[in-house]
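Below is one structure, written out as structure tokens, with a few remarks after it.
Numbering (this note's numbering), first residue to last: 2 to 623.
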């Protein structure tokens, strides 16, 4: 049985969770040829991945159909620690080396009870590698087109009272388009000390340095003339992302388990946006404290699991914007404190029927300050709740349903305009009421796994950018509904087949755009594939992908031409012998030309996606 932590913040069998949870293991990642976390997620029905720069440094994940603001409606968690930024910069997934990922758990649908703000469309929990039995050493080196190259090395060990994992990743590419070069270097490590049979202590850290270029959006004429050209000849940036987490875990058996995380993150980024006449310097520090207590006991003679905890974060955020046009500098200094307190109970009403009840209260306190607009205090709070039932009708299989409330607080630069310093004090947080039902079936001696899910949730006060007023605003009500299917069938030791299908209907339900589709949300997204594993060490995986048409970003009135649908084919070949593995990863092998696009106040912007990309290399393990 799959055991996951995302649905309850502690280990639990998948069939006992009243929600769909998709698990991607380290073995799945290797077998797919994925080079980043978004790559690994892209084959899941209902998960839509986009890339603006074509070099992997600006990928976004959409769950639930939020389009323009998709990266602000999915909670990204690493080992239980949320890493969503307090501004609109999004997640730089390449700062999380996929080589250090043990598994990825994807919780479909909202769960603000356990994960607070942003967890409206889904939760992605990335669990990094911990330790090994004895000593294991692994390394990888690879080359690809556009002068892409990567080298990795890692060491894992587990002896007596000590275990650990550490490694290094170096990546460099010229990118598909002109002026889309990117490089990064990451160091990561974790050390765990088992002090007693009850108490364990650990320290984990990661540091990533990156440099990248921004090729910019093309007009339609420029796209047709040369899709690989860059409109911005000098825009570029660099970033530094460092974090450390200290953890203490005490397991008293029948008396419960206490887990405490203390974290610190420093993030710094400089963007030289010559095309805008502005240089930006971002710098923020976040301190987090996450205590959680779990108790497995009996209630009314039935198995019961209680989880209570808190998430406390304090972020000091600074931004300096220097205008080369006016030779002036604007300084922004923001402070944000959030305090969330949650409780969730899982009661076995009957042997095979689990009732899940949860609630959360979160306080959101932000101080916005700038040399343009002075100081403004924002103080908001919200409740989240969920009620769910899961009925286990056979081992590993379930039928479930749930209803929940989720929420999202605004980003600091959604409140404040970085050009004028004006603060929109009328802007408020989003809330949603969601309904979900699904089926999980595991059969044929565990060779067939089928997940089907249907969902509907209504959002009030969804936040979006108004290009006319030049500020963010709360939209009228929106409705997001759809269905997802994910299937995996291992026919025999040779052949495994899989598919993922997602249907999403996201539209405005009131106001001037009533009945219009939310931009950048494809109605259909699907993939179908097969994997062959031969006894002689050869392996082959072929996957066909479909992305449906969708309106360009910011086109809330659906006035512009839809972005075309696209069909691509990916192939992954591997050969293993002894401790060595040779591999070739090819994406979009038939050179499908497609793009993302936005409609801005100054015109259209199209971002072409890469044509055929190849990456080949060797892995060794000792």
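Each residue gets a CB set at the ideal place from its N, CA and C atoms; glycine is no exception.
In this structure, residue 568 lies near residue 546, with their beta-carbon atoms less than 8 Å apart. In the DSSP assignment, no residue is bridged to residue 224.
Residue 261 holds the alpha-carbon nearest to the alpha-carbon of residue 11 among 261, 62 and 196.
Each residue's CA atom was taken as its position, placing residue 516 and residue 194 some 57 Å apart. Per DSSP, reduced to three states, the secondary structure at residue 180 is coil, with no helix or strand assignment. Excluding five sequence positions before and after residue 333, the CB atoms of its chain that fall closer than 6 Å to its own CB belong to 320 and 371, given in chain order.
DSSP places residue 113 inside the alpha helix (DSSP H), whose first and last residues are 113 to 116. The segment 456 to 466 and the segment 494 to 504 do not touch, with fewer than three beta-carbon pairs separated by less than 8 Å. As computed with DSSP, residue 554 is found in a beta bridge with 599.
Residues of the same chain with a CB within less than 6 Å of the CB of residue 457, apart from the 5 flanking positions on each side, are 436 and 482 in chain order. Judged by DSSP secondary structure, residue 247 falls within the beta strand (DSSP E) whose first and last residues are 237 to 252.
The beta carbons of residue 573 and residue 539 sit no closer together than 8 Å. Within the segment 2 to 69, the complete alpha helix (DSSP H) runs of at least 4 residues fall at 27 to 33 and 38 to 42.
Look at residue 99 here: in three-state DSSP terms it is helix. Boundaries of the beta strand (DSSP E) harbouring residue 365: 354 to 371, taken from the DSSP string.
If you draw a straight line from the Cα of residue 543 to the Cα of residue 44, it comes to about 12 Å.
In the DSSP annotation of this structure, residue 524 is not part of any alpha helix (DSSP H), being labelled neither H nor E. Cβ contact annotation for residue 192 (same chain, cutoff 7 Å, sequence separation greater than five): 165, 203 and 204, in chain order. Secondary structure in the segment 308 to 356: the beta strand (DSSP E) runs of 3 residues or longer, each lying completely within the stretch, are 329 to 351 in chain order. Annotation: residue 149 to residue 160 spans about 37 Å, alpha carbon to alpha carbon. The DSSP assignment places no complete run of the alpha helix (DSSP H) inside the segment 561 to 609 (cut-off: 4 residues). Annotated as distal: residue 384 and residue 405, with beta-carbon spacing of 8 Å or more.
In the three-state reduction of the DSSP assignment, residue 492 falls in the coil class, being assigned neither a helical nor a strand state. The Cβ neighbour count for residue 521, taken over all protein chains shown within 10 Å, is at least 16; the residue is labelled buried.
Where residue 424 is concerned, there is no enclosing alpha helix (DSSP H), because DSSP gives it neither an H nor an E.
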